[in-house]
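Taking it in order: structure first as structure tokens, then the write-up.
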Amino acid sequence: MAVGTATVRRPALTTRWGRALAPYLLIFPEGAWLLIFFLFPLLTLAVTSLMSGDFVSGFQFT
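Here our numbering is used: the first residue of the sequence shown is 748, the next is one more, and so on.
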């Protein structure tokens, strides 16, 4: 009885790249959301809190 050898086909290069990049592409919208609605307001508040001055003479970053 002859033993047949089965050939194992590897997925196409584009399929492998797609599977490798999928998690990172799914994280991208969350990173944009975090940047827009958390980090940008946090930095704006930090800069505003470090300014000194008044309405007449103006505010300056210290």
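Don't be surprised by glycine CBs; every beta carbon is placed ideally from N, CA and C.
Bear in mind that the values here come from a model prediction, so they are computed numbers and not experimental data.
>> On the DSSP bridge list, what partners appear for Gly765?
In response: Paired residues: none, contrary to the question.
> Start and end of the beta strand (DSSP E) containing Phe787?
Replying inline: Where Phe787 is concerned, there is no enclosing beta strand (DSSP E), although the alpha helix (DSSP H) it sits in stretches over Phe787 to Ser796.
>> Tell me which residues share the same chain as Met798 and place their Cβ nearer than 6 Å to its Cβ, disregarding the 5 neighbours each side in the sequence.
In response: Phe806 and Phe808
> Taking 9 Å as the CB-CB limit, is Arg766 close to chain B?
Replying inline: In the displayed structure, chain B is absent; only one protein chain is listed.
>> So for Phe806, helix, strand or coil by DSSP?
In response: strand
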